[in-house]
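A short write-up of the structure that comes next.
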Amino acid sequence: MSDVESLGVLYVGNFRGMRSLLKHLDRTLARSTFCNQLYLHQHLQTA
Numbered sequence: 001m002s003d004v005e006s007l008g009v010l011y012v013g014n015f016r017g018m019r020s021l022l023k024h025l026d027r028t029l030a031r032s033t034f035c036n037q038l039y040l041h042q043h044l045q046t047a
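Pasting the structure below:
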């Protein structure tokens with residue numbers, strides 16, 4: 001296996017990992033945003 005080939009494999013592997021990481025971050029961000037809105041909504045109602 002040449003250096004270029006191993007670099008290509010590394011890159012593809014990282015790309016897949018990055019994509020799943022981004023998906024995971026997206027989900028986490030969406031969930032936390034939703035929770036924050038819910039929390040704010042309830043907080044504003046009781047205030």
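Residue numbers (our numbering): 1 to 47. Where is the CB? At the ideal position from N, CA and C, for every residue including glycine.
Check                                                                                                                        : Outcome
Beta-carbon contacts of Gln-45 that lie in its chain and below 8 Å, excluding the five residues immediately before and after : none
Leu-134 versus Ala-30 - alpha carbon distance                                                                                : Nothing about residue 134 can be reported from this structure: the residues present for the chain run from 1 to 47 only.
Leu-10 versus Gly-17 - alpha carbon distance                                                                                 : 10 Å
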